[in-house]
Amino acid sequence: MLSVEEARARILAPLRPTTPEVVALAEAWQRVTAAPAVARLTQPPAALSAMDGYAVRGTDAKEGARLRVVGAAPAGHPWRGTLGPGEALRLFTGSVMPDGADAVLIQENASAEGDTITVNSAVAAGGHVRRRGQDFAEGEVVVPADRRLTARQVGLLAAANHPWVVVHRRPRVAILSTGDELALPGEPIGPGGIVSSNSHALAAVVRACGGDAVVLPVAKDDAAALAGAAEAARGMDLFVTSGGASVGTHDLVQSALAPAGLRVDFWKIAMRPGKPLLFGSLGGVPLLGLPGNPVSSLVCALLFLWPALERLSGLPATGAPVTRATLAAPLRANDARADHLRGTLDEAPDGTLRVTAFPRQDSALLRLLADAEALILRPPHAPAASAGEDVKVIRLDRLGL
Ligand code: AMP
Ligand code: MG
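Just so you know, we're using the working numbering here: the sequence shown kicks off at 45 and counts up by one.
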C-alpha cells in the first residue's frame, strides 16, 4: 500500500495550474495571481510632506530663525512656485513639496504670527519628507505571480493603479456522492437511508481553497447511474467522488467507470481513517475517489484535495500547515497505517499548545470531527507516546475547514 506522501505526490504529478483570466480588482481578493503585477506608476508620485507644518530649506530652519510664509498647499493642490531663502510654505500631510524646499518643519515646532513663523526646533534637510518613489517605482514588480491575494496586496495593487488583475481561473470541481442509501439534504430519505453529508462538506472544502464546486445529484449504486453522472464531470479540472471507492460488491466506482475509460493510478493508502482512496483519470479529467465514511472523506480531503486545489490554483502545493503540540495524555503505539487522530487543543499555563485525542476515533462520527480542533499525525509504526511528548498536528481550528 502507498504511503500518504507517495499518494500525495502521485495525485499532484498530473495536475497543472488553470489558465489565466482577468478580473476586476474588486473581485481579486483571495484569487491567485497568474502573472507578476508591475507598478503602473511611481509612489509617492513626488516628494510629499509626511506631517502638517511648513516646507522649508534645511539650511534656513535653525532654532530661532524667522521665516516668511509665502502661501499654502493643501494635499492635492501643489504650489507652483520655488521656495526662496528665508521662506516657508504652509502644507499638510500628503502635500507636494515645493521646488526649493527640502524639509518640513512640523507645526508643533513653529510659532506663527501673521505671515511669519519662528523655528522653535531646527530641522535638517530631508526631515519629514517622503521621497518620490520611496514606496515603489513604476515598472517594479509589486506582487509576484502565483500568490493568493491578501487584502494588503489588493491595497498595493490599487495603489499601483491596477483596475484589473490577471489571476488563475478558479479550479472547477465536480462532486459526486454515490450510494443507494443516500439523499441530499432536504430530499426524501428512503428506509434506512441517510443524508449525504459529504457532498456539501467537500464542496465547502473546495470553496475554502478558492475553487468552484458543482454538487452533482447523488448516484445510485448501479453502473449506469455512475457512468451517467461521470458525463457531468467532463471539462472539469477535477472530479471528486465519495463512496464506493474500494472493491466490495457495491463499491462500483472502479468497475462502473472502467468501460468509460477510467485509468486507475492507485486505490489504497496505508492510512487511517480512509484506506480506500482512488486516484486516476477519466477522459482527461483527474479523478479523486474519496471514501464514503464522512470522517475518512474529510480527512482525505484535507490531506489530498487541499494540495490538489493548491496546485490547480497555481499555488505551491504545500498542503495544510503542520505544527507541533504537546500531548496532554499518552497515546498507544501505532500500527502500519499512518493515523490521523481527532482531538482538542488547549493552552498550558506556560503558554504551550496541548493536544488531547478523543477516546473514540470511529470514522463514522462526524460530530466529533466537527468538534475537533486538531488532527494528530501518527506516522506508521510510531511508538507509544507519553504525556508531555511533542507530536505533529494540523490545526483544524485555524483552517476554517
Ligand atoms: P462506502 O465507501 O460507499 O462503502 O461508504 C462507507 C460508509 O459511508 C457507509 O456507511 C455509507 O453510508 C457512508 N457514506 C457514503 N457516502 C456518504 C455520503 N456522501 N455522506 C455521508 N455518508 C456517506
Ligand atoms: Mg457505498
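We treat Cβ as the ideally placed atom computed from N, Cα and C, and that holds for glycine. Computed from a prediction, not measured in an experiment: that's the story for all the values here.
Would the C-beta of residue i count as close to the ligand AMP, meaning under 6 Å from any of its heavy atoms?
i, result
"Gly230", "no"
"Glu225", "yes"
"Pro335", "yes"
"Gly120", "no"
"Pro80", "no"
"Pro338", "yes"
"Ser221", "yes"
"Asn242", "yes"
Spatial neighbours of residue i within its chain, please: CB distance less than 8 Å, with the 5 preceding and 5 following residues excluded, ordered by chain position.
i, result
"Glu107", "Val163, Asn164, Ser165, Ala166"
"Val148", "Ser93, Ala94, Met95, Gly97, Tyr98, Ala99, Val100, Leu135, Met141, Val167, Gly171, His172, Val173"
"Asp441", "Leu389, Glu417, Ala418"
"Leu177", "The question names Leu, yet the displayed sequence has Gly at residue 177. Result list for Gly177: Thr86, Gln87, Pro88, in chain order."
"Leu69", "Val198, Leu201, Ala202, His206, Pro207, Trp208, Val209"
"Arg213", "Thr62, Thr63, Pro64, Glu65"
"Asn153", "Gly97, Val163, Asn164, Ser165, Val167"
With a CB to CB cut of under 7 Å and the five nearest residues on each side skipped, what residues in its chain are close to residue i?
i, result
"Ala169", "Gly102, Asp146, Ala147"
"Ser6", "An answer regarding residue 6 cannot be provided, because it is not within the stretch 45 to 445 covered by the chain."
"Leu410", "Ser241, Pro338, Val339"
"Gln74", "Arg192, Leu193, Gly254"
"Lys436", "Val366, Arg368, Leu421"
"Gly130", "Asp104, Leu111, Arg112"
"Ile238", "Glu225, Leu226"
"Gly144", "Arg101, Thr126, Leu127, Gly128"
"Ala372", "Arg398, Val399, Thr400, Ala431"
"Arg251", "Ala257"
"Met45", "Lys312, Ile313, Ala314"
Is residue i close to the ligand MG? I mean its beta-carbon at under 6 Å from any heavy atom of the ligand.
i, result
"Gly237", "no"
Measuring CA to CA, which of the options is closest to residue i?
i, options, result
"His244", "Ala105, Gly130, Leu220, Asp224", "Leu220"
"Thr160", "Asp394, Arg112, Glu182", "Arg112"
"Ala268", "Ser290, Ala300, Leu260, Arg251", "Ala300"
"Ser139", "Ala105, Pro393, Gly128, Trp123", "Trp123"
"Ser341", "Ala218, Pro215, Asp179, Leu246", "Leu246"
"Leu349", "Ile55, Met45, Ser47, Leu46", "Ile55"
"Asp295", "His425, Leu321, Ala276, Asp143", "Leu321"
"Asp190", "Pro360, Gly158, Pro303", "Pro360"
"Arg439", "Gly432, Ala431, Thr370", "Thr370"
"Asp265", "Gly287, Val258, Val250, Leu375", "Gly287"
"Val186", "His425, Ala83, Asp415", "Ala83"
"Phe180", "Pro215, Pro303, Ala91, Pro427", "Ala91"
"Val329", "Leu413, Glu275, Leu412, Gly444", "Glu275"
"Gly336", "Asp379, Gly292, Ala304, Ala57", "Gly292"
"Val217", "Ala271, Pro235, Thr285", "Thr285"
Run the proximity test for residue i: is its beta-carbon closer than 6 Å to any non-hydrogen atom belonging to the ligand FAD?
i, result
"Gly287", "Because the ligand FAD does not appear in the structure shown, any question about it cannot be addressed here, the ligands present being the ligand AMP and the ligand MG."
Note down, in chain order, each residue of its chain lying with its Cβ closer than 6 Å to the Cβ of residue i, except the 5 sequence neighbours on either side.
i, result
"Ser290", "Pro320"
TODO: Report yes or no: do three or more beta-carbon pairs, one from the stretch 359 to 366 and one from the stretch 395 to 404, lie closer than 8 Å?
DONE: no
- [ ] Examine the Cβ distances between the stretch 220 to 234 and the stretch 73 to 80 and report whether three or more of them are shorter than 8 Å.
- [x] They do not touch, by the three-pair rule.
- [ ] Count the CB pairs spanning the stretch 301 to 311 and the stretch 320 to 329 that are closer than 8 Å, and state whether there are at least three.
- [x] The stretch 301 to 311 makes contact with the stretch 320 to 329; the number of CB pairs closer than 8 Å reaches 3 or more.
Task: Segment contact, 8 Å Cβ cut-off, at least three pairs: the stretch 312 to 319 with the stretch 271 to 286 - done: With the cut-off at 8 Å, the stretch 312 to 319 and the stretch 271 to 286 do not touch.
TODO: Count the CB pairs spanning the stretch 58 to 66 and the stretch 347 to 362 that are closer than 8 Å, and state whether there are at least three.
DONE: yes
Open item on the list: Closer than 8 Å is the cut-off here; do at least three beta carbon pairs connect the stretch 380 to 388 with the stretch 417 to 432?
Closed with: yes
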